[in-house]
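> This is the structure, below, for whatever I ask next.
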Amino acid sequence: MVVIGLGQAGQNICKSINNMAKIRTITLDEGKGIPRSSSHESYEQNVPKLGNKLKLGKEQNIWFIVCGAGMISSTTLAVLEQIQDRNVRVALISPDPFLLSKTQVKHNKVVWNVLQEYARSGMINSVYLFSNRHMESFIGQGTIEDLYTNINNGIANFIVTNNWFEKTQPMIGGLFEPKINSTIRTVSLGNIEDLQENLYFPLDNVTETCYYYSINEERIKNEKNLLTKIKEHVILEREGGKEASFAIWQNDTEYSYFYSIKHTHFIQSEEK
Ligand SMILES: Nc1nc2c(ncn2[C@@H]2O[C@H](COP(=O)(O)OP(=O)(O)OP(=O)(O)O)[C@@H](O)[C@H]2O)c(=O)[nH]1
Ligand SMILES: [Mg+2]
């Protein structure tokens, strides 16, 4: 897996990933692979061939992280075009609209809509939505200097852990195979105690859900009825009319938690 981060948000989340795992990350920003420009248009028109910078070789599994509010996100489509033969998942950051200028709001809307259309058309594998405002509400705000630290760690942790799920054989169940058009997604992080979960973006019209439980060894060995508890959780979701599946991995930390990936094919409106 390779993670490409574009602009400030992309770059900072790549840093968080590097602090957690040995995963190759590449930062694209003004002066880093992309020449500095003074307008959206000239950014879009002046994206160089990035083959030498990206050096992706045979790597198929790509995450691309961006927030549409920044000017440099105008280069998103030109960059994605250069890697369109690969399996690209986009992590799209939904900015807090309160913090944006009018131009940023307009620009964000364009990127927001286009990326979802790209996911629906199969140009990219899927788009995962992450809301700064929503995540801040439960992860907590950092200082003004480190406003995004907690959010970035949350997003990075999902990408790193999801990669581990994909490479590691679960004890029970298997990786979820979503319907081909379920390409608009988000994630929630939940705790095993009360099965409460916190959504990273308030996704409307969820049609499919998978639950990936990561349980520590102590609980795997000693906790009775954990499987029943998990099954009931999944059944509850199915009763709501959604497709739901689960898998369980054993981890070697002291923590137990679950990630849930929510899928839909409905275009999501940006936060207002
Ligand atoms: N989650 C998260 N969001 C961020 C972070 N940094 C910036 N953002 C969001 O991304 C938006 C754009 O960031 P900017 O720093 O303004 O712009 P940029 O992406 O570097 O693009 P330029 O305008 O070309 O500098 C901000 O309005 C924030 O909503 C970050 O570290 N984490
Ligand atoms: Mg910038």
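Residue 266 in numbering that gives the first Met the number 0 sits at position 267 of the sequence shown; the count goes up by one each step and never skips.
Backbone N, C-alpha and C fix where the C-beta goes; we use that ideal spot for every residue, glycine too.
1) With distance defined between alpha-carbon atoms, name the residue in G67, S187, L55 nearest to S100.
2) Just the C-alpha distance for Q83 and I12, rounded to the nearest angstrom, thanks.
3) Considering only their Cβ atoms, is the gap separating I123 from L79 smaller than 8 Å?
4) Please find out if some non-hydrogen atom of ligand 2 comes closer than 7 Å to the beta-carbon of V71.
5) Quick check: the Cα distance between S15 and L198, rounded to an integer number of angstroms?
6) Just checking my contact of S187 with H262 at CB under 8 Å: how many whole Å lie between their CB atoms?
7) So Q267 and Q168 are in contact, right, with Cβ under 8 Å, and what is the actual spacing, rounded?
8) What's the gap between the Cα of Y212 and the Cα of S130?
9) Out of H232, W248, I247, which one is the CA nearest neighbour of K241?
10) Please confirm whether E307 and R132 have their CB atoms less than 8 Å apart.
11) Tell me whether G6 counts as near ligand 2, meaning its Cβ is closer than 7 Å to at least one heavy atom of that ligand.
12) Within the same chain, show all residues whose beta-carbon is closer than 8 Å to that of V205, passing over the 5 residues directly before and after it, in chain order.
13) Suppose you measure from the CA of I214 to the CA of S38; what does that come to, to the nearest Å?
14) Can you give the beta carbon distance from S259 to R184, rounded, assuming they're within the 8 Å contact cut?
15) My parser needs the beta strand (DSSP E) runs of 3 or more residues fully inside the stretch 180-220; what are they?
16) Which same chain residues, not among the five before or five after A155, have their C-beta less than 7 Å away from its C-beta?
17) On a CA-only basis, which of N162, K230, E217, N45 is nearest T252? Give me that one, please.
18) Could you check the C-alpha separation between R35 and I22 for me, to the nearest Å?
19) Looking at the secondary structure, which residues open and close the alpha helix (DSSP H) in which V104 lies?
20) Quick check: the Cα distance between N152 and G239, rounded to an integer number of angstroms?
21) For T208, which option in R85, L5, F175 has the closest C-alpha, if you only look at C-alpha atoms?
22) Around the Cβ of I171, are there at least 16 other Cβ atoms within 10 angstroms (buried) or fewer (exposed)?
23) Can you tell me which residues form a DSSP beta bridge with F257?
24) Drop a sphere of 10 angstroms on the beta-carbon of T26, count the other beta-carbons inside from all chains shown, and report buried for 16 or more, exposed for fewer.
25) For Q249, which residues does DSSP report across the bridge?
Based on what the coordinates show:
1) G67
2) 22 Å
3) yes
4) According to the sequence provided, residue 71 is Ile. The question's Val does not apply to it. Yes.
5) 20 Å
6) Not really, about 12 Å apart at Cβ, beyond 8 Å.
7) Incorrect: roughly 33 Å between the Cβ atoms, too far for contact.
8) So the two alpha carbons sit approximately 23 Å from each other.
9) Between K241 and the set H232, W248, I247, the nearest pair of CA atoms involves H232.
10) Residue 307 lies beyond the stretch modelled for the chain, which goes from 0 to 271, so this question has no answer here.
11) yes
12) Same-chain partners within the cutoff: K241, K261, H262, T263.
13) 48 Å
14) Incorrect: roughly 10 Å between the Cβ atoms, too far for contact.
15) 183-190, 196-198, 207-215
16) I12, S15, I16, M19
17) When only C-alpha atoms are compared, the closest one is E217.
18) 27 Å
19) 101-120
20) 31 Å
21) F175
22) exposed
23) Partner(s): G189, Y212.
24) buried
25) I214
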